[in-house]
Structures are given as structure tokens and as C-alpha cells.
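**Q** Quick one: this structure, given as C-alpha cells, is what I'll be asking you about.
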Amino acid sequence: YLGTYLTDLTFIEDGNSNTDGNLVNFDKRYKIAAVIGEIQQYQRKGYDFQPYPQIQYWLTELETVGEEEAYSISLKVEPRNTEEAVETLLRDEEKLRAEIKTLQLRNADLEQSNKKLQHALNNATREINRMRGMTRRGRGKGKPVGDRTVLAPVTRSKTTGRPNRGSMGSSPLPRRLLKQPSAPPPSTSCEKSKGMRKLFSHSSVDNKRTVRSMTLANSAGNSPAR
968 YLGTYLTDLT FIEDGNSNTD GNLVNFDKRY KIAAVIGEIQ QYQRKGYDFQ
1018 PYPQIQYWLT ELETVGEEEA YSISLKVEPR NTEEAVETLL RDEEKLRAEI
1068 KTLQLRNADL EQSNKKLQHA LNNATREINR MRGMTRRGRG KGKPVGDRTV
1118 LAPVTRSKTT GRPNRGSMGS SPLPRRLLKQ PSAPPPSTSC EKSKGMRKLF
1168 SHSSVDNKRT VRSMTLANSA GNSPAR
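In the numbering used here, the protein residues as written are 968 to 1193.
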């Protein structure tokens, strides 16, 4: 409420003369006294507010406006001399327009540099994609097609029958692709057991035949001659 009462006091002080003819203008003093008495009533009235130290500390630490700065702000809001105020406003307007032009030029420079950076970024991305494509094509050429394995022709020696080292060394294919003839697969347990059974069956038949022939020979030797 202080600003309102200060405004009233200013209007009373500036709008009324100090003298009324050759006498003191007491009406002006009565009006000023009435405003000050109203302010005193607000100051003497008690408030049942609970104090908060944190809020008090925050209010005391706020940056306050000095008297000179407050007076200059008041003159801008309510200028005493309108002609000077208009000139000041025109100067401020020119300053603001100059600042706006400077900002526009800076913005144009930033947009141009942004376009250059975007163009350079697009070129770099294109180059990276091209290099990736070349790398993928190079890897695709080195891979075998499907599960096929290409064998290099191997020549054998006429005398020994073994493969010549020269033919294997001159092959353009790597050594890991040169396959050796595969060995016959090992027999299973069932085949082994069948073979053993056949062997034992043949041996038992032969043993029976031998025993039978020996028995017949003994019986023929022990029989009396006729």
C-alpha cells in the first residue's frame, strides 16, 4: 500500500499551492496529514501472523532498488517533462532497432554456417555408405557359394603313386580346401557282434565234425577183425 499513498501525497503536494492568497493553505496540510494518519493506523495495528525465519531471511536477502534507481524508474513511468520523455523514448527506439538489425545479421550468418555444416555432414555420410558398400562387396567375393567345396586337381607320381607336392603347391586354392580321401567309416557295435557270432558258429561246427570223425576212427580201431 505504500506506493499508493506515496502517489496520493505527490499529487497533493504538486497540485495544491502552499499559500492561499497571503495566508497558509491549511487545506493542503490537512490532506497530507490525513494520508499520513491512515498509514500510521496500518502500522499500529497488530497482526496475528506466525513468523517464519526462512521467509524473513529470503526477504532480507532480496536485491533492493536504491533511491536513485527507483526515482529514474518513476520518471520513465510518469515523466515530469513530456518533451524530454519523448526524446528519450525515440533514442531508446533507435537503439533497439540497431540491436535488432545486429541480431538479424548474426542470425543470417549462423544460418549460412549451418547450411555449410549440413552439406559437409551429408557428404561425409555418403562417403561412409559408399565405403561400407565396397567392404561388403569385397567380403561377398571371398565367401564360398553355398556348402560346395572346390577341390584343386592333384597329380600323382607314376612311380610311387603318391600325390606330387608341386601340384598341391601350385594350386591357387588354400590348403584348407584340399580334401584328403576319407577313410571308411568304422563298423558299428551290431556289425561287430554279428561277426563274432558267425565266427563262433563256424568254429563250433568244425569242432563237432572233428570230434565225430575221431569217434568213428576209434570205434573202427577197437572193433574185432573179421
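Ideal Cβ placement from N, Cα and C applies to all residues, glycine included.
Answer yes if the stretch 973-982 comes into contact with the stretch 991-1001, meaning at least three C-beta pairs across the two stretches below 8 Å, and no otherwise.
**A** yes
**Q** Could you check how far apart the C-beta atoms of I1006 and Y972 are, in whole angstroms? I think they sit under 8 Å.
**A** On the sequence shown, residue 1006 is found 39 positions in, with the first residue counted as 1. On the sequence shown, residue 972 is found 5 positions in, with the first residue counted as 1. Contact holds; Cβ gap of about 6 Å.
**Q** Residues in its own chain within less than 7 Å of L969 by CB, not counting five upstream and five downstream?
**A** Position 2 of the sequence shown, counted from the first residue, corresponds to residue 969. So the list is empty, once near-sequence residues are dropped.
**Q** Could you pull the start and end residues of the alpha helix (DSSP H) that T1027 belongs to?
**A** Here residue 1027 refers to the residue found at position 60 of the sequence shown. Its alpha helix (DSSP H) spans residues P1020 to E1028.
**Q** Between which two residues does the alpha helix (DSSP H) carrying R996 extend?
**A** What you label residue 996 is simply residue 29 of the sequence shown in a count that begins at 1. According to the DSSP assignment, R996 belongs to the alpha helix (DSSP H) that extends over F993 to R1011.
**Q** Report the rounded CA-to-CA distance for L1118 versus M1098, giving the unit in angstroms.
**A** Within the sequence shown, residue 1118 is the residue found at index 151, counting from 1. Within the sequence shown, residue 1098 is the residue found at index 131, counting from 1. Model confidence at L1118 stands at a pLDDT of 49, short of 50, so the residue's coordinates are unreliable and nothing is read from them.
**Q** Note down the Cα distance separating D1015 from K995, rounded to an integer number of angstroms.
**A** Within the sequence shown, residue 1015 is the residue found at index 48, counting from 1. Within the sequence shown, residue 995 is the residue found at index 28, counting from 1. If you draw a straight line from the Cα of D1015 to the Cα of K995, it is about 36 Å long.
**Q** How is A986 classed by DSSP in three states: helix, strand or coil?
**A** Counting from 1 along the sequence shown, the entry for residue 986 is found at position 19. The sequence shown places Thr at residue 986, not Ala. DSSP places T986 in strand when its eight states are reduced to three.
**Q** Using the C-alpha atoms, what's the distance from N1090 back to R1064?
**A** Translated into the one-based positions of the sequence shown, residue 1064 becomes position 97. Translated into the one-based positions of the sequence shown, residue 1090 becomes position 123. Roughly 39 Å between the two C-alpha positions.
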